[in-house]
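Trainee:
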Amino acid sequence: VKNKLEVCFTKDLGIQTVPIDSIVGSEGRYRSFTRHFLPLDDDLRDRWKKVGEAHYAKQSLPPVELYKVGDAYFVKDG
Numbered sequence: 278v279k280n281k282l283e284v285c286f287t288k289d290l291g292i293q294t295v296p297i298d299s300i301v302g303s304e305g306r307y308r309s310f311t312r313h314f315l316p317l318d319d320d321l322r323d324r325w326k327k328v329g330e331a332h333y334a335k336q337s338l339p340p341v342e343l344y345k346v347g348d349a350y351f352v353k354d355g
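Heads up: the sequence shown at position 49 corresponds to 326 in the working numbering, and the numbers run straight through without jumps.
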């Protein structure tokens, strides 16, 4: 993502709450998701399902590392 958008620098903004609909893609696995950041691969769907189950069970999840470009956020792969 950074290379495609020609991002020149990064800055750590610490832990913040980000609206989920602002997360639009993944740093390096952009071909694995739809335009609305839904998984295309079956293995990713299983991960998404587990995240959804944790959300509805009100379990906390570890923070994810994001890149912000304009008003959009991208998940750092890892």
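Backbone N, C-alpha and C define an ideal beta-carbon position, used for all residues, glycine too.
In this text, all values refer to a predicted model and were calculated from it rather than measured experimentally.
Taking buried to mean at least 16 other C-beta atoms within 10 Å of its own C-beta, is residue 352 buried or exposed?
Mentor: Label assigned to residue 352: buried.
Trainee: Whole angstroms are fine: how far does the CA of residue 338 sit from the CA of residue 347?
Mentor: Their Cα atoms are separated by approximately 26 Å.
Trainee: Check whether the Cβ atoms of residue 314 and residue 329 lie closer than 8 Å to each other.
Mentor: In this structure, residue 329 does not lie closer than 8 Å to residue 314 by Cβ.
Trainee: Name the one or two DSSP bridge partners that residue 349 has.
Mentor: According to DSSP, which records beta bridges pairwise, residue 349 is partnered with 346.
Trainee: Can you tell which of 327, 344, 310 and 343 has its C-alpha closest to the C-alpha of residue 336?
Mentor: Of the listed residues, the one whose Cα sits closest to residue 336 is 327.
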